[in-house]
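UniProt numbering applies: residue 1 is where the sequence shown begins, and numbers increase by one. Cβ coordinates follow ideal geometry from the N, Cα and C atoms, glycine included. For clarity, every value in this text was computed on a predicted model and none was experimentally measured. Below: the structure, in structure tokens.
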Amino acid sequence: LRRRYGHPRRPTGRVRASTASAPAAGSPSAEPATAPWNTDCTHYSGNGRTRQGDTGKRVLQVQCMLTKRGYGVGDSGADGIFGSGTDTAVRAFQRDGGLSADGIVGHDTWTALRDED
């Protein structure tokens with residue numbers, strides 16, 4: 001405590017409210033969540049090329065993962081249709097991730113979308 005405050009701190013016997021309400025170490029509420037951030041996105045597990053004009057589960061997967069990462073995919077939301085809103089979101093995600101912003105979800109974009117960081 002000397003390093004932190006410049007003088008020794010004497011115990012007062014008082015407990016701060018923030019300390020009293022904190023969960024005990026090892027308690028279930030103190031443990032971090034172990035589920036990946038994209039658990040709800042289980043529509044497609046492959047890495048097939050996906051681009052504007054495509055429809056179906058692959059597109060729904062892309063839209064779900066983009067939405068979870070904070071990218072808006074258009075007014076309709078995740079609807080399984082790769083329209084202009086999804087294209088814009090894919091390109092923004094690619095740019096932000098240092099990928100080629102071509103709007104095509106290929107191997108590298110799939111990998112980046114599935115990365116938990």
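Query                                                                              : Result
First through last residue of the alpha helix (DSSP H) which encompasses T111      : 107–114
For V90, the first and last residue of its enclosing alpha helix (DSSP H)          : 84–96
Where G48 falls, given that 16 or more other Cβ within 10 Å makes a residue buried : exposed
Alpha helix (DSSP H) segment containing R58, residue limits                        : 57–68
Short Cβ contact (7 Å threshold) for G74 with G83                                  : yes
Selected residue, minimal CA-CA separation from V105, among D87, E116, G98         : D87
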